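Participant: Sharing a structure below in structure tokens format, with a few things to ask.
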Amino acid sequence: MLVSMAKAWCNEATRRVVSHGQQIHGGIGFTKDYKIELYFRRQKWMELMWGDADYHRELVAGKLEV
Numbered sequence: 002m003l004v005s006m007a008k009a010w011c012n013e014a015t016r017r018v019v020s021h022g023q024q025i026h027g028g029i030g031f032t033k034d035y036k037i038e039l040y041f042r043r044q045k046w047m048e049l050m051w052g053d054a055d056y057h058r059e060l061v062a063g064k065l066e067v
């Protein structure tokens, strides 16, 4: 249960950080010239492979029987 809670928090944190980074870089944040684009792709890949924050929250809720 603690792992799912940590994964949900980390997923939201990385999404927020990458989003802010792309906002700071503007349109160039989506090009392959800067690493922020790589971080965006990695974050999406991790979300698809290991589940997004909502998935992990549902696991925690199921364990708590809420």
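Numbering (my numbering), first residue to last: 2 to 67. Just so you know, even glycine gets a beta-carbon here, dropped at the ideal spot from N, CA and C. Remember, it's a predicted structure, so these values are computed and weren't measured experimentally.
1) From this set, Ala14, Phe41, Asn12, which residue's C-alpha is nearest His26's C-alpha?
2) Using C-beta distances below 7 Å, list every residue in its chain close to Glu38, excluding the 5 sequence neighbours before and after it, in chain order.
3) When the distance is taken between beta carbons, is Lys8 closer than 8 Å to Trp51?
4) His57: buried (16+ other C-beta within 10 angstroms of its C-beta) or exposed?
5) Mind reading off the beta-carbon distance from Asn12 to Ala54? Whole number of angstroms is fine, and I expect it under 8 Å.
Facilitator: Checking against the coordinates, here is how it stands:
1) Phe41
2) Gly30, Phe31, Thr32
3) yes
4) The residue in question, His57, is buried, as its Cβ has 16 or more Cβ neighbours within 10 Å.
5) 4 Å
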